[in-house]
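Numbering (the numbering used here), first residue to last: 1136 to 1610.
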């Protein structure tokens, strides 16, 4: 029997506000434990929450950017559960009336475009963080994160493969970063994902029993966990067993999922409207105001890069995958107006360097201005493409401009035709057998002569001029 997977993702994105969702405590990461707290976020008796307007605006922006309908009336609810990192004994979230719903984004996976529906986007507060002591049988709790504003983005169960799941997450993260409402840092927990995975016989419409996967802190782990869980569920069914609805943890060290607990249903949380917060009313004027503020998003920027810069679709997709990368490319093109070479160097040498060093484009040791200067020097035949690679490596190490490096290392390209002709004539005279082979039709021997000239000039000879002179003299 053939099976297909049915996957839905729940993404929590921490919003880039300066203060928490219902109080004025700061949201900055990395402070000493329990220093960013107050009676409101700790749930002390008699306190009242006050909604942060910026949180509402950011949630609406994400809803608009993902083609959702913004609700004119939404409200907050209490999600009741008891855990040591939840000081109030409930979480303020949204349930029946979320701020945005019925949206979608388009992704590309396995060479095909696909539309993934978004069921809802709602606002909620984050819980604290438990820190388990590895040597003693107790845990500590840090409430700094309690009350930090989140939006939860819930997808329709439209995803069928782990590749589609990865593409969907990367697209969501890209949109959030383009909007500048979330930094998307998975390591710090500001972009988190839970995956609901089930399988069913191919062709059937009924959904199978699902499991929820947690502890997914990177795109790679999300993809590997979903891939593993699909195969695990297939094995269970082939062996005559039944899938149990449960929450499972991904263990990246063992590359497997393990059972954590039974999966809760919505009724287990005993949702009810929060009596301390009024219903949220949003008028059309506010929505239209935010639509006017919407920046150019990844899909629109990709189309513009293709039409304005004449880039292939693949190049445009890579360069617009992150707003900072797109900005770097455009800054470079402003100084060296030849988009395709810029694209080649950014996607090749630059991204290769950053990936090898585990750095982001914001941490690039080679500025966009210096890369543009390097490409201009190649274009002006001051240096060859081969020497340019050496100069680029030195730029990355030292942060110096290409002109400084070329001057210090005497790397200016040799373009003096008379000097090159003199070298070529002498080389042909010193290599009569190879010259005779070339004249007998063995044209590959030309590479031997070019190599010798390049070696003699320490790579500084202009290859095009050398090739032309050699062909003339050998003929």
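We put the CB at the ideal spot given by N, CA and C, even for glycine. Quick caveat, the model's predicted, so the values are computed rather than measured.
Start and end residues, alpha helix (DSSP H) containing residue i
i, result
"residue 1514", "1503-1514"
"residue 1602", "1598-1609"
"residue 1581", "1581-1591"
"residue 1364", "1354-1373"
"residue 1567", "1567-1574"
"residue 1543", "1537-1544"
"residue 1464", "1458-1470"
"residue 1478", "1474-1480"
"residue 1454", "1448-1454"
Distance between residue j and residue i (C-alpha atoms, nearest Å)
i, j, result
"residue 1364", "residue 1378", "11 Å"
"residue 1555", "residue 1601", "7 Å"
"residue 1256", "residue 1288", "5 Å"
"residue 1222", "residue 1177", "6 Å"
"residue 1232", "residue 1416", "11 Å"
"residue 1544", "residue 1571", "37 Å"
"residue 1360", "residue 1300", "11 Å"
"residue 1185", "residue 1479", "51 Å"
"residue 1374", "residue 1397", "22 Å"
"residue 1538", "residue 1510", "11 Å"
"residue 1339", "residue 1137", "11 Å"
"residue 1207", "residue 1414", "10 Å"
"residue 1119", "residue 1592", "Within the shown structure, residues of the chain are numbered from 1136 to 1610, placing residue 1119 beyond reach of any answer."
"residue 1310", "residue 1389", "32 Å"
"residue 1330", "residue 1348", "5 Å"
"residue 1328", "residue 1512", "46 Å"
"residue 1314", "residue 1239", "17 Å"
"residue 1275", "residue 1302", "36 Å"
"residue 1155", "residue 1180", "19 Å"
"residue 1485", "residue 1525", "13 Å"
"residue 1470", "residue 1507", "6 Å"
"residue 1437", "residue 1427", "20 Å"
"residue 1304", "residue 1322", "15 Å"
"residue 1495", "residue 1382", "33 Å"
"residue 1395", "residue 1350", "11 Å"
"residue 1463", "residue 1455", "10 Å"
As assigned by DSSP and simplified to three states, the class of residue i
i, result
"residue 1214", "strand"
"residue 1391", "strand"
"residue 1440", "helix"
"residue 1311", "helix"
"residue 1258", "strand"
"residue 1348", "strand"
"residue 1294", "strand"
"residue 1377", "coil"
"residue 1490", "helix"
"residue 1188", "helix"
"residue 1305", "helix"
"residue 1445", "coil"
"residue 1341", "coil"
"residue 1220", "coil"
"residue 1402", "helix"
"residue 1318", "coil"
"residue 1560", "helix"
Supposed contact pair residue j and residue i - C-beta distance, whole angstroms, cut 8 Å
i, j, result
"residue 1530", "residue 1505", "6 Å"
"residue 1241", "residue 1250", "5 Å"
"residue 1279", "residue 1171", "4 Å"
"residue 1195", "residue 1425", "5 Å"
"residue 1404", "residue 1215", "6 Å"
"residue 1187", "residue 1284", "6 Å"
"residue 1517", "residue 1547", "6 Å"
"residue 1380", "residue 1345", "6 Å"
"residue 1333", "residue 1141", "5 Å"
"residue 1297", "residue 1368", "Incorrect: roughly 13 Å between the Cβ atoms, too far for contact."
"residue 1198", "residue 1234", "7 Å"
First through last residue of the beta strand (DSSP E) which encompasses residue i
i, result
"residue 1332", "1326-1336"
"residue 1139", "1138-1149"
"residue 1285", "1284-1290"
"residue 1225", "1225-1228"
"residue 1383", "1381-1386"
"residue 1525", "From DSSP, residue 1525 is part of no beta strand (DSSP E) but of the alpha helix (DSSP H) over 1520-1533."
Residues bridged to residue i (per DSSP)
i, result
"residue 1276", "1265"
"residue 1407", "1213"
"residue 1208", "1416"
"residue 1161", "1154"
"residue 1240", "1251"
"residue 1396", "1382"
"residue 1235", "1205 and 1256"
Near the ligand PLP: residue i beta-carbon under 6 Å from a heavy atom
i, result
"residue 1607", "In the structure on display, the ligand PLP does not appear, and there are no ligands present to speak of."
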